[in-house]
Structure formats: structure tokens, C-alpha cells
Amino acid sequence: LTPAARSHHAPLPRAAAQMAATSASAYSFVSLLQHFGPIMNKGGAAVSLTYIASERVIPGYGGGMSSAKAALESDTRTLAYEAGRAYEISVNTISAGALKSRAASAIGEKGEKTFIEYAIDYAKANAPLAKDLGSDDVGAVAAFLCSPLAGAVTGVTLYVDNGLHAMGLAMDSKAMERP
Numbered sequence: 006l007t008p009a010a011r012s013h014h015a016p017l018p019r020a021a022a023q024m025a026a027t028s029a030s031a032y033s034f035v036s037l038l039q040h041f042g043p044i045m046n047k048g049g050a051a052v053s054l055t056y057i058a059s060e061r062v063i064p065g066y067g068g069g070m071s072s073a074k075a076a077l078e079s080d081t082r083t084l085a086y087e088a089g090r091a092y093e094i095s096v097n098t099i100s101a102g103a104l105k106s107r108a109a110s111a112i113g114e115k116g117e118k119t120f121i122e123y124a125i126d127y128a129k130a131n132a133p134l135a136k137d138l139g140s141d142d143v144g145a146v147a148a149f150l151c152s153p154l155a156g157a158v159t160g161v162t163l164y165v166d167n168g169l170h171a172m173g174l175a176m177d178s179k180a181m182e183r184p
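Each residue of the sequence shown is one higher than the last, beginning at 6 in this note's numbering.
Dropping the structure here:
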């Protein structure tokens, strides 16, 4: 760190990124429920999106977002209780797997294979369901969580990732090759 960065007057770059990420990902969801919870219909639902980097190391997924997503998941459990008691609504989060989106495509250097492209390839090689994950898959689960079918589901982080979260060993690893 430079002397200026060590000064108590200059925030650490990582700390600034962490605060911005937490504000965008976790605090905004808390604020949304604080403002809209009182006017939501009883039996309504609030759903957020998270990522497995909240609980596992995902090299290349930085900028404070992994910690922000961990905070969001913790807030989801607390808000499930608080909003459930105060407004009679459910609160859940979806941990979506790697899928191509405009936001995800922005991670990486221009002209090179993007982070999300590597993540999609990895998921297809290692998930129990070796298929593309689409935004419709995530949307269908969100619709379920907002429907009466999920009326007793709250405080949950639901994985929509073709089962990749369940894996403890990468099947495409060179260490798995047999002579």
C-alpha cells in the first residue's frame, strides 16, 4: 500500500469497493423491504439474487461482491423473520449459477474470453445436469417463490445452478485423469 492508502484519511480501495458492493447488493434489499413491506399484500413475496461466491472462493469474482452476497443471504434469513412477522410476506434469495447476461459479460478484459464464459464451461463440465442454464430457469424458480405454491417457504437460499453447488470435486480436473 502507498503511504496515502495507509493514512486513516484515505479509504482502502478494497474497502471502498466492498462498501459499494454491499450497498448495491444487500442494503438496497433491506431498504426495499423497509419501504415496500408495509404496502405489500399479505402472503406476498420478496426475492433477491445471490451467487455461490458468498460461500465458496470463486477466483475472478471480486470487487467485494462475494462478501456483499454473503451479507445478502444473512439479511434474507433475518428479513424472513422480521418481514414475515410484520407484513406476513416471505423473503427468499436465488443463488443462480453461471448464465450469460449483460452484467456478467462485463466481467473481464475486452476481446478475451470473459469470466462468465469460463464459468459456464466449468459448470457444464462439472454440474450433475450438464446443460445450459438460462434466465428462464431462474425466472421460473422466482415465479414459484412468488406463488401460493411456495406460501410456506421463507428464509431460503435456493440454488438454481444445475446442481453445481452440490459438487465437492471438479470432474474435469487433470488430477482426475487416470493413466
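Positions of the beta carbon are idealized from the N, C-alpha and C atoms, including for glycine.
Start-to-end residues for the alpha helix (DSSP H) that takes in residue i
i, result
"Asn131", "120 to 131"
"Ser36", "33 to 41"
Span of the beta strand (DSSP E), counted from its first residue to its last, around residue i
i, result
"Ser95", "95 to 101"
"Tyr86", "Looking at the DSSP string, Tyr86 is not in any beta strand (DSSP E); the run it does join, the alpha helix (DSSP H), is 70 to 92."
Span separating the alpha-carbon of residue i from that of residue j
i, j, result
"Leu54", "Arg183", "39 Å"
"Arg118", "Ile125", "The displayed chain sequence assigns Lys, not Arg, to residue 118. Approximately 11 Å, taken between the alpha carbons."
"Ala50", "Ala101", "18 Å"
"Ala25", "Tyr56", "17 Å"
"Tyr164", "Asp142", "11 Å"
"Gly48", "Val146", "17 Å"
"Ala130", "Met176", "7 Å"
Nearest residue (CA-CA) to residue i, options the options
i, options, result
"Ala157", "Ile121, Ser72, Val96", "Val96"
"Thr162", "Lys47, Gly42, Glu78", "Glu78"
"Gly42", "Leu84, Ser72, Leu150", "Leu84"
"Leu134", "Gly160, Ala155, Met172", "Met172"
"Tyr66", "Ala130, Ala145, Tyr123", "Tyr123"
"Ala148", "Ser36, Ile99, Ala76", "Ile99"
"Asn167", "Phe34, Ser72, Ala76, Asp137", "Asp137"
"Ser36", "Met24, Asp80, Leu169, Met70", "Asp80"
"Ala21", "Arg82, Ser59, Ser72, His40", "Ser72"
"Arg90", "Ala130, Gly69, Leu38", "Leu38"
"Lys105", "Tyr86, Ile63, Ser140, Pro64", "Ser140"
"Ala128", "Tyr92, Cys151, Ser178, Phe34", "Ser178"
Buried versus exposed call for residue i [16 or more other C-beta atoms within 10 Å across all chains shown]
i, result
"Ser59", "buried"
"Gly116", "exposed"
CB contact flag (residue i, residue j, <7 Å)
i, j, result
"Ala76", "Ala31", "yes"
"Ala2", "Leu174", "The question about residue 2 has no answer here: the residues shown for the chain are numbered 6 through 184."
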